[in-house]
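Colleague: A single structure is presented below for examination.
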Amino acid sequence: MISLGLIFVLEYIDNTVKTEKEIEDVLGLQVLGIIPHHNE
Numbered sequence: 109m110i111s112l113g114l115i116f117v118l119e120y121i122d123n124t125v126k127t128e129k130e131i132e133d134v135l136g137l138q139v140l141g142i143i144p145h146h147n148e
């Protein structure tokens with residue numbers, strides 16, 4: 109139960125921007141380009 113509660117708390121306080129749509133919504137700016145993520 110404690111670990112489940114911790115997961116919800118960490119997800120709640122996570123304020124990182126993860127998608128292009130979130131950038132447009134939060135900052136009101138248009139995305140000009142992205143840097144792809146490559147797994148090596």
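For what it's worth, my numbering labels the leading residue of the sequence shown as 109, then goes sequentially.
We put the beta carbon where it would ideally sit given N, CA and C, even for glycine.
(1) Identify which residue in F116, V134, E128 and N123 has its Cα closest to the Cα of I143.
(2) Since I believe E132 is in contact with V125 (beta carbons under 8 Å), could you give me their beta-carbon distance rounded to a whole number of angstroms?
(3) Does DSSP put L112 in a helix, a strand or coil?
Modeller: In this structure, then:
(1) By 1-based counting over the sequence shown, the position of residue 143 is 35. It is E128 whose Cα lies nearest to the Cα of I143.
(2) Translated into the one-based positions of the sequence shown, residue 125 becomes position 17. Translated into the one-based positions of the sequence shown, residue 132 becomes position 24. In fact, because the Cβ distance is near 10 Å, the residues do not count as touching under 8 Å.
(3) As a working note, residue 112 is residue 4 in the sequence shown. In the three-state scheme derived from DSSP, where H, G and I count as helix and E and B as strand, L112 is classed as helix.
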